[in-house]
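Numbering (this note's numbering), first residue to last: 13 to 158.
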């Protein structure tokens, strides 16, 4: 008789491996591009979330990304200094800065994320609607466990 716990653990290990290799595949192109610019994955994450939430404050971005100020400070500062992100004083609260992508930042973010969107679109097309729906459900459940 097969031990169900060992079988279940092996299936979970296979799922973790697929998650690892899938993540590696979807991040490899942006990682190469970022490395050539002297940036890392965190820079892409910042560009991505500012692009999806233009006008967010630094505190708003911290809440969206669920990271600490220490994690965000240095890479965000560099993106501002290099002209990829604009940080403008908020009209209602001059102490707060509203973040947005510059044209240069929008181009970089679109290039990095665009390839990832294409990869997901191809995978969803091949897997079918039911598989895509299941994947989205699993990812949403994992994201909610944080």
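Think of the CB as a built atom: it goes at the ideal place given N, C-alpha and C, for glycine as much as any other residue.
Quick check on residue 18: buried or exposed, where buried means 16 or more other Cβ atoms within 10 Å of its Cβ? exposed
Completely contained alpha helix (DSSP H) runs for the region 55-81, where each covers 4 or more residues: 70-77
Alpha helix (DSSP H) containing residue 129: first to last residue? 115-139
Any contact of the region 53-70 with the region 114-122, i.e. 3+ C-beta pairs under 8 Å? yes
Can you look up residue 151 in the DSSP assignment and give me helix, strand or coil? helix
Close beta carbons around residue 128, own chain, < 6 Å, minus the five adjacent residues each side: 38
From what residue to what residue does the beta strand (DSSP E) around residue 100 run? 97-101
Please report the Cβ distance between residue 46 and residue 52, rounded to the nearest whole angstrom; I am assuming they are in contact, meaning their Cβ atoms lie under 8 Å. 6 Å
To the nearest angstrom, how far is the alpha carbon of residue 130 from that of residue 83? 29 Å
What is the DSSP secondary structure of residue 112, reduced to helix, strand or coil? strand
Report yes if the CB atom of residue 59 is closer than 8 Å to the CB atom of residue 117, and no otherwise. yes
Distance, Cα to Cα, residue 105 vs residue 115? 25 Å
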